[in-house]
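Participant:
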Amino acid sequence: MRSKTRTVFSSGLVAGTLDITAAILVYAVILHKTTAEKILQSIASGIFKKEAYTGGSEMALIGLGLHFLIAFIFAWFYFKIFPYIPFFKINTFLSGVAYGFFVWVVMNLIVLPIVFPVLPEKKLDFPLLLSILIIIFCIGMPIAFITRKYYAKWY
């Protein structure tokens, strides 16, 4: 990667694309729990509440935009903290796992409870483990590997 901006943009774009693709494939296509449009509308509902579910494809597009905004923020944050955490330079795979888990914790234990005060109780079961694995492999890993490529020239 030649520039900081390109690194953050590409890692956020890859992570956001992998994450939303995995969510749609798993929850809409394989498990038939919802639809792709409802997944995207649920992201938009963080801002627009119940109105997001009646807004059709417009709200789905807003949800997609918000999803990528969040991915870019997490990519930027990892990029900024990378030089200060020696562990990130030692093992990129484990760094991706750790950062993916960190992203899951931030989103599921901080952001979502603030945005949606009434959420179902979390149980240690297959859906919970699946959601953690999706975040680790679709968000944490790509951000870690793409960011490391940029910083490789510095160490």
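Heads up, the sequence shown is in the working numbering, so the first residue is 6 and it goes up one at a time.
We put the CB at the ideal spot given by N, CA and C, even for glycine.
Note that the structure is predicted; figures quoted are calculated from it, not measured.
1) Nearest-angstrom Cα distance between W109 and T97?
2) Only counting the same chain, and skipping five residues up and downstream in sequence, which positions put a Cβ closer than 6 Å to that of M64?
3) Measure the C-alpha to C-alpha separation of F121 and P88 and round it to an integer number of angstroms.
4) Considering only the alpha carbon of each residue, which of W81, D130 and K127 lies closest to L18?
5) What distance in whole Å lies between the Cβ atoms of S15 and I144, which are believed to be in contact at a cut-off of 8 Å?
6) Between the beta-carbon of F79 and the beta-carbon of I148, is there less than 8 Å?
7) What distance in whole Å lies between the Cβ atoms of I141 and G105, which are believed to be in contact at a cut-off of 8 Å?
8) Measure how close the beta-carbons of I44 and A33 come, nearest whole angstrom, since I'm counting them as under 8 Å.
9) Is it buried or exposed, T12, if we count other Cβ atoms within 10 angstroms and call 16 or more buried?
Facilitator: Taking the structure as given:
1) 18 Å
2) Q46, A49 and A57
3) 34 Å
4) W81
5) No, I144 and S15 are not in contact; Cβ-Cβ is about 14 Å, not under 8 Å.
6) yes
7) 3 Å
8) 6 Å
9) buried
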